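A quick write-up on the structure given underneath.
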Amino acid sequence: MKTVTLTMKQEPELYLEAECITPDALAGKTPAEIAAFPVYQGKEDRTLGEYFTISGAPGATAAETQIVLNGDCSKVKYIGCRMSAGEVIVNSSADMYTGAWMKGGRLHVRGDVHSFCGLGMENGEFIIDGNAGNYLGASYRGDWRGMQKGLIRVKGNAGSDIGSFMNGGEIIIEGNVDIHIATHAEGGRIVIKGNANRRLGGQMVKGEVILFGTVEVMMPGYKQVGEKELEVDGTKAVFTEYIGDLGERHPKRKGETVYGRLYIKK
Amino acid sequence: MSEYLIRNGHVFDPMQSIKGDVKDIAIKDGKIVETSALSSSAKEIDAKGKTVMAGAFEVHAHIAGPKVNLGRWYRPEDKLGHSYKKSKATRIEGGFSVPSVFKTGYEYARMGYTFALEAAMPPLYARHVHEEIHDTPIIDEGALPVFGNNWFMLEYLKNREIENNAAYVAWTLRQTKGFGIKIVNPGGTEAWAWGLNCLLITDPVPYFDITPAEIITGLIETNEYLGLPHSVHIHGNNLGNPGNYEVTLASLKLAEGYKPKNNFGRKQVMHATHLQFHSYGGDSWGTFESKAKEIIDYVNRQKNITIDLGCVTLDETTTMTADGPFEHHLGTLNHLKWANVDVELETGSGIVPYIYSPNISVCAIQWAVGLELGLLAKDPMRTFITTDHPNAGPFTRYPRVIKWLMSAKARNERLNSFKNADKIIAATNISGIDREITLYELSAMTRAGPATALGLSGICGGLKPGMVADIAIYNINPDSPPSDPEQYEKAFANVACLFKEGRMVVKEGEVIDHGNKRTYWVDAKVKENKQVTHDVREKFLKYYSVNEANYQVPDSYAPHPYVIAVDATK
Numbered sequence: 002m003k004t005v006t007l008t009m010k011q012e013p014e015l016y017l018e019a020e021c022i023t024p025d026a027l028a029g030k031t032p033a034e035i036a037a038f039p040v041y042q043g044k045e046d047r048t049l050g051e052y053f054t055i056s057g058a059p060g061a062t063a064a065e066t067q068i069v070l071n072g073d074c075s076k077v078k079y080i081g082c083r084m085s086a087g088e089v090i091v092n093s094s095a096d097m098y099t100g101a102w103m104k105g106g107r108l109h110v111r112g113d114v115h116s117f118c119g120l121g122m123e124n125g126e127f128i129i130d131g132n133a134g135n136y137l138g139a140s141y142r143g144d145w146r147g148m149q150k151g152l153i154r155v156k157g158n159a160g161s162d163i164g165s166f167m168n169g170g171e172i173i174i175e176g177n178v179d180i181h182i183a184t185h186a187e188g189g190r191i192v193i194k195g196n197a198n199r200r201l202g203g204q205m206v207k208g209e210v211i212l213f214g215t216v217e218v219m220m221p222g223y224k225q226v227g228e229k230e231l232e233v234d235g236t237k238a239v240f241t242e243y244i245g246d247l248g249e250r251h252p253k254r255k256g257e258t259v260y261g262r263l264y265i266k267k
Numbered sequence: 029m030s031e032y033l034i035r036n037g038h039v040f041d042p043m044q045s046i047k048g049d050v051k052d053i054a055i056k057d058g059k060i061v062e063t064s065a066l067s068s069s070a071k072e073i074d075a076k077g078k079t080v081m082a083g084a085f086e087v088h089a090h091i092a093g094p095k096v097n098l099g100r101w102y103r104p105e106d107k108l109g110h111s112y113k114k115s116k117a118t119r120i121e122g123g124f125s126v127p128s129v130f131k132t133g134y135e136y137a138r139m140g141y142t143f144a145l146e147a148a149m150p151p152l153y154a155r156h157v158h159e160e161i162h163d164t165p166i167i168d169e170g171a172l173p174v175f176g177n178n179w180f181m182l183e184y185l186k187n188r189e190i191e192n193n194a195a196y197v198a199w200t201l202r203q204t205k206g207f208g209i210k211i212v213n214p215g216g217t218e219a220w221a222w223g224l225n226c227l228l229i230t231d232p233v234p235y236f237d238i239t240p241a242e243i244i245t246g247l248i249e250t251n252e253y254l255g256l257p258h259s260v261h262i263h264g265n266n267l268g269n270p271g272n273y274e275v276t277l278a279s280l281k282l283a284e285g286y287k288p289k290n291n292f293g294r295k296q297v298m299h300a301t302h303l304q305f306h307s308y309g310g311d312s313w314g315t316f317e318s319k320a321k322e323i324i325d326y327v328n329r330q331k332n333i334t335i336d337l338g339c340v341t342l343d344e345t346t347t348m349t350a351d352g353p354f355e356h357h358l359g360t361l362n363h364l365k366w367a368n369v370d371v372e373l374e375t376g377s378g379i380v381p382y383i384y385s386p387n388i389s390v391c392a393i394q395w396a397v398g399l400e401l402g403l404l405a406k407d408p409m410r411t412f413i414t415t416d417h418p419n420a421g422p423f424t425r426y427p428r429v430i431k432w433l434m435s436a437k438a439r440n441e442r443l444n445s446f447k448n449a450d451k452i453i454a455a456t457n458i459s460g461i462d463r464e465i466t467l468y469e470l471s472a473m474t475r476a477g478p479a480t481a482l483g484l485s486g487i488c489g490g491l492k493p494g495m496v497a498d499i500a501i502y503n504i505n506p507d508s509p510p511s512d513p514e515q516y517e518k519a520f521a522n523v524a525c526l527f528k529e530g531r532m533v534v535k536e537g538e539v540i541d542h543g544n545k546r547t548y549w550v551d552a553k554v555k556e557n558k559q560v561t562h563d564v565r566e567k568f569l570k571y572y573s574v575n576e577a578n579y580q581v582p583d584s585y586a587p588h589p590y591v592i593a594v595d596a597t598k
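Here's what the structure looks like:
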């Protein structure tokens, strides 16, 4: 794998929309071609080279390309958006839509990410060392296709509306979360190691939410059905099992009704 | 104004029976003229090896108004990845199945269209429809107010008061600047307000106690009493369900015995729209099959009916119709999202996103049904190409539908690559059809035919001297037709040149001018009718949420009108 390093030399005055910072776009390009990639600052057409110094060289394909971003990227949107392979490492925080519609590869943000990250993610691995904002692994506004597959791991806390319309894959939050988790989900799994606020699994048709801490207020549409011992992310524990959201439609599979499942550690 | 001489193009014009002859077409002052009428300053356009036709007509699309806009609001994801700015002359375009007004105008123009009919205008929200029509560049437009579930109409027709109903329709056309009479799920949308539907033409409407059959015949009589340019335009009962072709046949038969009465050269008394959605056999989704042949055999014999296809394009789209109960039904089938609107005394509507997947048998059968109707129809002057935009697919897919109609190869490639191809072939007639629509037939289906059905054949839809100079030139050489059907799709998506009222608005697929769009509406004069004046006043006082004086669409909402006057006082 070959590494291309982008180092912030000029901070954008507004926010930078840089959908080109992906192994797919950069693979096989020369530093001069990379510097000429279009980015938006507000409504202005700018180039990547105006904001970043480019060193090293990408591989021939996305899978052989590693991108390292240095400097403060907290005002850069769309890093790793739609990437299908390779690796992106951000040595700072990143703004919105980081890893959105990601199809594969590995994306590692060493700081925080803002909202709408990992949106509609189709596959791959997305690691956030800091905190995540709202709508992590959710669907785009209005859409019903949230995260499909892959893994998102947040080492800090996450905001609200995590995994809305999630259909598959796994989101692990090592800290706490705010309201509206797995809303409308039809698959997938969300693990919360800290505490949850309220509205956990509202309108959930299918899927799992596993909570290690406490929930401030339970949804009224969940029914306790028993206890289960689970091994989750390397930890074994006994959980109280609930099914729901009983206010929502639930399909039948092999004669059995499919429910969303909520596990809260005893 | 500029003069142009389009030289040596292969001209197709069914209005003059010109079938691809090499001819020159002259333009002066926005009209088509004899070539001898041009001065020496006329600009020459070389159309050698190209196809020249009149501007195309859209007879049925949902492109302006509250229902379309609700689709835009609640589908932000429809704009994701579909927003761009193409040239200096154009504004930002956005949306795929529910495009912005600008994109709507530009895309029609890029395909060579110069007229589009908004298929369902709720009278109460006519102002909104006209605001959007005004903002849609280039193309001329008209809008059909919906009458099939209107309380006035239900009461007048229950009592067989055709003259009163005609006076009410004339009043509404003037208030809303409407073009003609649209009927959507007659009686069914009103029944939906009671939680019911009318699935048969004999199902009575709750409270009003009138049947869909009585509504349809009553409105046909009303339309011919007034002598409107267009006929009644019907979206029948029980749309979209297996086995609905029997209801469709029963509805079409209601036109038997009626003769067109008008001064506009219109020959039909009924336009049956998006017939694809109404031509299904089977008694469940599992036994779903095509009954296109049964339907079109009847239409072929019945000369006073025109149809449009409503072809499924196999895209992700947004269904929207005044057929409220159908949208609710669809929402319970696909579990995506559902919006519903009730329009007081007049109509209702619903919206649901829908994915026509080539991997789902029902969708693939629907795809075949639409094309079968077009290919088995004997009279291209009565058969028009639509996708019921955006219901069966976006109108921007017309070039693709044309490709499927013009090329058996393209059709068979698509058919054989369906996931359940064997099942689709067994449930449809498409694989046995080798007909390929010719350019001449296409010009009838998209120009002369619809213009005649809309009562506009005296002014546009052809290339006769004296007609409005709406002219499309395509990069297709009829002497050496493309062997690769994809070339048809490409050529019909990007006109070589489009003239709108004598102004060049598109060149090689790029919009260069915003044109001079006009709004067509029909002003029907009827005898003074005190009963109807009284009824209108009473209903506004009793039921409407707006004052009668605030109902009318002011002239400022349609600043570039083309008013067609009709006198029904004699």
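Residue numbers (this note's numbering), protein chains in the order written: chain A, 2 to 267; chain B, 29 to 598.
Even glycine gets a Cβ: it sits at the ideal position worked out from N, Cα and C.
Please read these numbers as outputs of a predicted model, since none were measured by experiment.
Within 10 angstroms of its Cβ, does residue i collect 16 or more other Cβ (buried), or is it exposed?
| i | result |
| --- | --- |
| Tyr32/B | buried |
| Met2/A | exposed |
| His185/A | buried |
| Tyr223/A | buried |
| Trp395/B | buried |
| Pro252/A | exposed |
So the candidates are the options; which of them puts its Cα closest to the Cα of residue i?
| i | options | result |
| --- | --- | --- |
| Gly477/B | Thr466/B, Gly490/B and Ile465/B | Gly490/B |
| Ile452/B | Met473/B, Ser508/B and Ile393/B | Ile393/B |
| Glu160/B | Ile323/B, Ser128/B, Phe143/B and Val174/B | Ser128/B |
| Glu88/A | Ile128/A, His185/A, Gly50/A and Ile193/A | Ile128/A |
| Val212/B | Leu152/B, Pro270/B, Leu172/B and Asp231/B | Leu172/B |
| Lys553/B | Leu470/B, Ser508/B, Tyr196/B and Lys78/B | Tyr196/B |
| Asp168/B | Ala137/B, Arg442/B, Phe40/B and Asn178/B | Ala137/B |
| Val114/A | Asn132/A, Arg199/A and Gly256/A | Asn132/A |
| Ala92/B | Met149/B, Lys71/B, Thr217/B and Lys116/B | Met149/B |
| Pro221/A | Lys255/A, Pro252/A and Leu263/A | Leu263/A |
| Leu399/B | Val297/B, Lys95/B, Tyr426/B and Glu355/B | Tyr426/B |
DSSP on residue i, reduced to helix/strand/coil?
| i | result |
| --- | --- |
| Val581/B | coil |
| Pro165/B | coil |
| Val340/B | coil |
| Ser312/B | coil |
| Asp49/B | strand |
| Leu484/B | coil |
| Pro589/B | strand |
| Met149/B | strand |
| Ala92/B | coil |
| Gln225/A | strand |
| Ser94/A | coil |
| Leu120/A | coil |
| Pro173/B | strand |
| Lys365/B | coil |
Is it the case that the Cβ atoms of residue i and residue j are separated by a distance below 8 Å?
| i | j | result |
| --- | --- | --- |
| Ile501/B | Gly48/B | no |
| Val429/B | Ala320/B | no |
| Asn503/B | Ala521/B | no |
| Pro16/B | Leu404/B | Because chain B in this structure spans residues 29 to 598, residue 16/B falls outside the shown range and cannot be described. |
| Thr456/B | Ser318/B | yes |
| Thr118/B | Phe130/B | yes |
| Thr48/A | Pro59/A | no |
| Leu147/B | Lys210/B | Reading off the sequence shown, one finds Ala at residue 147/B, where the question assumed Leu. Closer than 8 Å, so yes. |
| Met103/A | Gly138/A | no |
| Leu231/A | Val216/A | no |
| Thr217/B | Thr230/B | no |
Practice item. For the segment 88-114 of chain B, enumerate the residues whose C-beta is nearer than 7 Å to any C-beta of chain A, in chain order. Key: Tyr102, Arg103, Pro104, Glu105 and Leu108
Exercise for review: Could you run through the segment 137-153 of chain A and flag, in chain order, every residue whose CB is less than 9 Å away from some CB of chain B?
Suggested key: Ser140, Tyr141, Arg142, Gly143, Asp144, Trp145 and Arg146
Review point. Which residues, taken in chain order from the segment 334-365 of chain B, show a beta carbon closer than 8 Å to some beta carbon of chain A?
Key: His363, Leu364 and Lys365
Point to revise | Residues in the segment 248-267 of chain A having any Cβ partner in chain B nearer than 8 Å | key: Arg250
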